[in-house]
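Novice:
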Amino acid sequence: MNKLNLNWVSETIGNEYKKWKKGDTVLISAQTGTGKTFFIMNSLLDNLPTGDRLLYVCNRTNLKRQLKKDLLKKFNQEIPDTLNELDHITTIADKITITSYHAISNSIKDSIYLDDVNSDLSLYNYIVLDECHFIFSDGNFNNKTRFAYEKLIKEWHPNKTRIFISATMDEIRDPIIRCVNNFKTKGFCLDNFDIHEYSTGTDYSNLDVKYFDKIKTIVNLIKNDSSDEKWLVFISNINRDGMYIVEELGESSCSIIKSGTESDELNSIINNSKFTKKVLICTKALDNGININDPLLKNIVIMAWDKISFIQMLGRKRIDINKPDDINLFIPKRYKKSFFSRLMILNNKKSQIELLGKNENEFYRQYDNDLHIFKDYNDIFYRDFKSGKIKVNSTGYKRLNTDIFFNEYMIDQYNELGEYAFIMEQLSWLGLADSFDESNMIEEVTLKEEIETLEEYLNSLVGIKLFKDEQNELIDKIELKDSRGRLQKSINQFNAYFEANNMNYMVISKSSSKLIEGKKKNYRYWLVINNVEY
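Quick note: the sequence shown uses our numbering, first residue 30, plus one each step.
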């Protein structure tokens, strides 16, 4: 594979970082694998003015851990043996502090409820907001992201250089710029403060993308894979899809990592950037903050519903942009009715927001005495400490509107483009919209052991004339069905199936005749032939 058409972050920025001033806002759109951490740890950190300090904000615990290990190694400091010890380290080399959006949000929350807690950021001259998309992307289940949004984006920091970094800057770019522009309208002097934007470009041409309909298809592909290649499978439903995969493949072949997981497999990924089993099953908890740098990882399955999650999941496999691995990417087809169902849930949430705005008393009548119902809207609503009133979470509300718009858009796409609309949409996220090919749809995967059994049966029939009863038996043995579950009985379909599964057999229809009571009678029969011998 030739070099990807991407630039390293350090190349993209060059020496311009030396011109960044206090109060400046920097936005870096960097495809995963283009060296954003290298830039921060080397170019920026090595050239900090004397006495300046940098706050590095992460969005996942595992990303914090990996970053701490890299920094400890850089400054020749001892790396703890346990994760617990590593977690207690916050500041390294007296100039860089590692924290998380969660920690900042909790600190701000505590400053509201506890007088002795301070969420001040005055100690720092630079604030790096890594994976900054988190602030909005997690807004649909974490209502505390509003604290980070208000502190890090809406609040004016004239004495700090804020550096926003993400491979998926789409949703958060405009709010950041809008907030900076709002400072001007509020009387802040911004004549000397600039917005700097950089992009490494995007290139996913190393991907061989295939499409699938059912998770069983992926399971059978893995079962048929006798190579030493590994599989990374991102699922959206751990209880349904995750457990099904484990049940089918066995615990000896696969591991699951979800939110809160502590395991030897996770330790292996953090310490060695590799997982040990053939299959790693993950939820959104691994969508960023983990780097997997393993040449055996050749197959990635992504079952995401939105672009941000999709791109972040794909980015867990580290790619050398100068010599990228070829990767098999499997993406789901999905159906229009699924987007209708999701839209119905989203619109119901929005109707509760509208109810609060139009008839506050009715809103409280519904929820004050049925708090178990209110928990379903915990991402959208919160109770204001000072007024005691229910208010709308700004980041959750933005996430809600974004999701409503996308689901409406996808329904329109199905109406316009047909059943493969979501596949085309996912390909567009990769800049590969023109690569859509219906032949890349994997309709059915037969297990090798079933093929071997069928081949043995077909071999026993070679040269034997098959009449109606024998034909029905053959149909039942092949058990080929269409997408609606109807048993197929066509010779042409059988032969296409044999060819797709590299089976050297063919069924042909022949005619013959015989004399019965002195009269010639014509009849037809099927004949199984072996293509190699024929």
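A virtual CB, placed ideally from N, CA and C, is assigned to each residue, including glycine.
1. Would you please state the rounded distance, in angstroms, between the beta carbons of Ile321 and Arg347? I believe it to be under 8 Å.
2. My output table needs one value for Pro361: the three-state DSSP class, helix, strand or coil.
3. Can you name, in chain order, every residue of its own chain whose Cβ lies under 8 Å from the Cβ of Leu375, other than the five neighbours on each side?
4. Can the beta-carbon of Lys303 be found closer than 7 Å to that of Asp323?
5. Locate the alpha helix (DSSP H) running through Arg94, then write down its first and last residues.
6. Given 8 Å as the limit, is there contact between the stretch 76 to 95 and the stretch 126 to 139, that is, 3 or more CB pairs closer than that?
7. Specify, as a first and last residue, the run of the beta strand (DSSP E) that Asp159 falls within.
8. Are Tyr411 and Asn398 close, meaning C-beta to C-beta below 7 Å?
9. Residues in the same chain with beta-carbon distance under 8 Å from Leu544, minus the five sequence neighbours each way, listed in chain order, please.
10. How would you call Tyr46, buried or exposed, if buried means at least 16 neighbouring beta carbons within 10 angstroms?
11. On the three-state DSSP scale, how would you describe His401?
12. Buried or exposed: Val491, going by 16 or more other Cβ atoms within 10 Å of its Cβ?
13. Quick one: residues in its chain with C-beta nearer than 6 Å to the C-beta of Tyr155, no 5 flanking neighbours on either side, listed in chain order?
14. With respect to the alpha helix (DSSP H) encompassing Ser338, which residues constitute its N-terminal and C-terminal limits?
15. Leaving out the 5 sequence neighbours to the left and right, which residues in its chain are closer than 6 Å to Ile558 when beta-carbon positions are compared?
16. Rounded to whole angstroms, what's the CA-CA distance from His117 to Thr90? Just pull it up for me.
17. Which two residues bound the contiguous beta strand (DSSP E) that contains Met535?
18. Between the Cα of Asn188 and those of Thr54, Arg553 and Thr41, spot the shortest distance and give me the residue it belongs to.
19. Contact check, Phe165 vs Thr424 under 8 Å by CB: the rounded distance?
20. Do the stretch 340 to 357 and the stretch 464 to 476 touch if we need at least three Cβ pairs shorter than 8 Å?
21. Between Asp145 and the rest of its own chain, which residues show a CB-CB distance below 7 Å, the 5 nearest in sequence each way excluded?
22. Are the CB atoms of Ile42 and Tyr227 within a distance shorter than 7 Å?
23. From Gly417, Asn501, Asp99 and Glu478, pick the residue whose C-alpha is nearest to that of Ser255; which is it?
24. Spatial neighbours of Tyr233 within its chain, please: C-beta separation below 7 Å, excluding the five flanking residues on both sides.
25. Whose C-alpha, out of Ile340, Lys48, Leu503 and Asn253, is nearest the C-alpha of Ser72?
26. For Met373, count the other beta carbons within 10 Å of its own beta carbon; 16 or more makes it buried, fewer makes it exposed. Which is it?
27. Looking only at its chain, what residues have a beta carbon closer than 7 Å to the beta carbon of Met342, apart from the 5 residues adjacent to it on each side?
28. For Tyr443 and Tyr130, what's the separation of their Cα atoms in angstroms?
29. Check whether chain B comes within 7 Å of Glu479, counting only Cβ atoms and requiring the distance to be less than that.
30. What are the boundary residues of the alpha helix (DSSP H) that Phe523 is part of?
31. Among Gln395, Leu326, Ala196 and Ala450, which has the Cα closest to the Cα of Glu258?
32. Look up His225 in the DSSP assignment and give the residues it is bridged to.
33. Mind checking whether Val6 and Cys283 have CB atoms under 7 Å apart?
34. Can you tell which of Ser265, Thr246, Lys51 and Glu114 has its C-alpha closest to the C-alpha of Ser338?
35. Could you check what DSSP says for Ser129 in three-state terms: helix, strand or coil?
Specialist: Looking at the coordinates:
1. 6 Å
2. strand
3. The beta carbon of Leu375 is closer than 8 Å to those of Leu429, Asp432, Ile433 and Asn436 in its chain, skipping five residues each way along the sequence.
4. Lys303 is a Cβ neighbour of Asp323, given a cutoff of 7 Å.
5. Thr90 to Lys103
6. Counting Cβ pairs under 8 Å, three or more are found: they touch.
7. Asp159 -> beta strand (DSSP E) spans Tyr155 to Asp159.
8. no
9. Result list for Leu544: Lys550, in chain order.
10. buried
11. helix
12. exposed
13. Leu83 and Thr190
14. Where Ser338 is concerned, the enclosing alpha helix (DSSP H) stretches over Lys336 to Leu343.
15. The residues are Met535.
16. Between His117 and Thr90, the C-alpha separation is close to 12 Å.
17. Tyr534 to Ile545
18. Thr54
19. Yes, they are in contact, since the Cβ atoms of Phe165 and Thr424 sit about 6 Å apart, within 8 Å.
20. no
21. Legend: pLDDT at Asp145 = 46, less than 50; position of this residue unreliable, value from coordinates given subsequently. So no residue of the chain qualifies.
22. yes
23. Glu478
24. Leu459, Gly460 and Leu461
25. The shortest Cα separation from Ser72 among Ile340, Lys48, Leu503 and Asn253 belongs to Lys48.
26. By the C-beta density criterion, Met373 is exposed, having fewer than 16 other C-beta atoms within 10 angstroms.
27. Phe263, Asp316, Ile331 and Ala333
28. Whole-angstrom Cα-Cα distance: 37 Å.
29. Although the question refers to chain B, the structure presented lacks it and comprises just one protein chain.
30. Ile520 to Ala529
31. Leu326
32. Val55
33. No information on residue 6 is available, as it lies outside the stretch 30 to 563 that the chain covers here.
34. Ser265
35. strand
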